[in-house]
Amino acid sequence: MNAPATVALKPYQLAALLVLFMTAFAAPLTTAFNIGAIITEFGASRVEAGFVMTAEGLSVAASALIASRLITRYYLKTLLFGGLICVAAGSGLTLLATDVPMMVGCRILAGIGIGTVVSTVMATAARTPKPEMTFGWVNGCAGAFISVLGLTVPFAILRGGLDGAYALYLALSLFGMLLLLLIPNSKTPVHAAPASRSEDKPLSKFSASAGWIALFGLGIFFFGQAGIAAFIERIGASIDVSLSTVGTIFFFGGLLTIVGPIGAGIVGSRFGATKPLVLIGSLFCLAVLVIALGGDKMSFYLSVPLLMILPAILLPSFLGGLAVVDPTGRLAGAQPAFATMGGALGPVAAGAVADVGGFGTLGWFVFVMLIIGLTLMAAATLKADGIRTRPLHPAE
2 MNAPATVALK PYQLAALLVL FMTAFAAPLT TAFNIGAIIT EFGASRVEAG
52 FVMTAEGLSV AASALIASRL ITRYYLKTLL FGGLICVAAG SGLTLLATDV
102 PMMVGCRILA GIGIGTVVST VMATAARTPK PEMTFGWVNG CAGAFISVLG
152 LTVPFAILRG GLDGAYALYL ALSLFGMLLL LLIPNSKTPV HAAPASRSED
202 KPLSKFSASA GWIALFGLGI FFFGQAGIAA FIERIGASID VSLSTVGTIF
252 FFGGLLTIVG PIGAGIVGSR FGATKPLVLI GSLFCLAVLV IALGGDKMSF
302 YLSVPLLMIL PAILLPSFLG GLAVVDPTGR LAGAQPAFAT MGGALGPVAA
352 GAVADVGGFG TLGWFVFVML IIGLTLMAAA TLKADGIRTR PLHPAE
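Everything in the sequence shown is counted per my numbering, starting at 2 for the first residue and increasing by one.
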């Protein structure tokens, strides 16, 4: 009989894991503040400051992809501890950086740790008894943590500049190490698999690769999402929406982002993974077109929060589907790599499109990217829904 893949976490253990996840992921969540602090500290250009963030993001993506392949080789605490050590070391060395190139190296080191922690947590979430609910809590907690960081990071920068921000990130990573004491140690079984199902047939090459096809689609989805999100403030300015008003919209959108994913997690797999993908994906595409083509303030006010809420609602069911396709959690562990890579490259391409054709052309470009991404993501959701509907019988 195959070894079971499920890992049961007590409520306090799950809470510790989620908080640990956030302590490692704090810096990428506050990129906008970090860029401003880098420009002020080193007299850097926006391109130089952006390059620091891009280097960190690509490091996160690469390490998350590598860590997703190590899930079955190393114990949970080993991966988390190694990741947190890199995050702490990267943040500590950032405090000693004297120029932008040195800071790039420090943030690459931190990115290696961030990607390792994020991948490990996502893989563990996929192995819980109700992965949709766990992923809902992950995304809901991210929304809450963004709100907290939105208050603390600016204060830290005002008090200590760039060093103030990264001293805070260092302190958070050290606190994450303390939380390791509350988290159970476990190792994913190499051959973990669900109970066998009647009338199973050998998987086709397409079915065996469905999860990776879907993750590639997820990267394209976030490529489009990041592209339009990067220019929200500029689109708002074009219709006389002030920066403070955009900030207020994001604040309330962030509050809804706490509730939305948790609600999606409670619903769980009741409607499968494909129906939410189609419904939420369609609404997201519509919101993008309204923002880019609407041209009036009311449609802007109503649509911008959807850019934050809808992806967060979509991810629990999608990642739950990945957990069905691959119970080891390796696919879910690789998810941050594809999402981060798409998010890092999207604004660059979107900027080029907007410069050539304006925001209307950008809207249609993002729409096409989203449709392609959602279509590829359906490779995994359809596979997962097919597995869920087959009758079970005990594995031999």
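Just so you know, even glycine gets a beta-carbon here, dropped at the ideal spot from N, CA and C.
Between L30 and the set G344, A353, R74, F360, the nearest pair of CA atoms involves G344.
Put simply, the backbone Cα of I158 is about 21 Å away from that of I115.
Note on geometry: alpha-carbon atoms of S60 and I113 lie some 6 Å from one another. L10 sits in coil when the DSSP states are folded into three classes, being neither helix nor strand.
Distance from T32 to L77 at the Cβ level is roughly 28 Å; contact not present, criterion being Cβ atoms closer than 8 Å. CA-to-CA, the gap between M103 and E234 works out to about 31 Å. Setting aside the 5 residues that flank it on each side, G161 is surrounded in the same chain by A168, each with a C-beta closer than 8 Å to its C-beta; the list follows chain order.
Here the alpha carbons of L21 and S92 stand approximately 16 Å from one another. Taking the Cα of I221 as reference, the smallest distance to any Cα among G352, M370, L94, V289 is reached at M370.
A contact is defined here as three or more CB-CB pairs under 8 Å, and the stretch 223-230 meets this definition with respect to the stretch 368-384. No residue range can be given for F232, since it is assigned to no alpha helix (DSSP H) and is classified by DSSP as neither H nor E. Annotation: F26 is outside any alpha helix (DSSP H) and is labelled neither H nor E by DSSP. In this structure, A274 sits near A385, with a CB-CB distance shorter than 8 Å. Taking a cut-off of 8 Å for Cβ pairs, the stretch 308-319 and the stretch 39-52 do not touch, as fewer than three such pairs fall below it.
Taking the Cα of M299 as reference, the smallest distance to any Cα among A351, D241, L346 is reached at D241. Assignment of D356 by DSSP, reduced to helix, strand and coil, places it in the helix class. With fewer than 16 other Cβ atoms from the protein chains shown falling within 10 Å of its own Cβ, G359 counts as exposed. The continuous alpha helix (DSSP H) containing T95 extends over residues 77-95. By the CB criterion at 8 Å, R108 and V149 fall outside the cutoff. K131 carries a coil assignment under DSSP once its states are collapsed to helix, strand and coil. DSSP places V242 in no alpha helix (DSSP H); its state is neither H nor E. Within 10 angstroms of the beta-carbon of S318 lie 16 or more other beta-carbons, which makes it buried. Within 10 angstroms of the beta-carbon of L97 lie fewer than 16 other beta-carbons, which makes it exposed.
Taking C-beta separations shorter than 8 Å and ignoring five residues to either side along the sequence, the partners of I292 in its chain run I229, I233, I236, S300, F301, S304, V305, L308, G364, following chain order.
In the same chain as A145, and ignoring 5 residues on each side of it, the C-beta atoms closer than 8 Å to its own belong to I259, in chain order. In the structure shown, R108 adopts helical secondary structure according to DSSP, grouped into three states. Taking the Cβ atoms as the reference, A68 lies roughly 6 Å from L80, within the contact range of under 8 Å. Around the CB of T341, 16 or more other CB atoms lie within 10 Å, so the residue is classed as buried. Setting aside the 5 residues that flank it on each side, T121 is surrounded in the same chain by A68, I72, L77, L80, L81, G84, G334, each with a C-beta closer than 8 Å to its C-beta; the list follows chain order.
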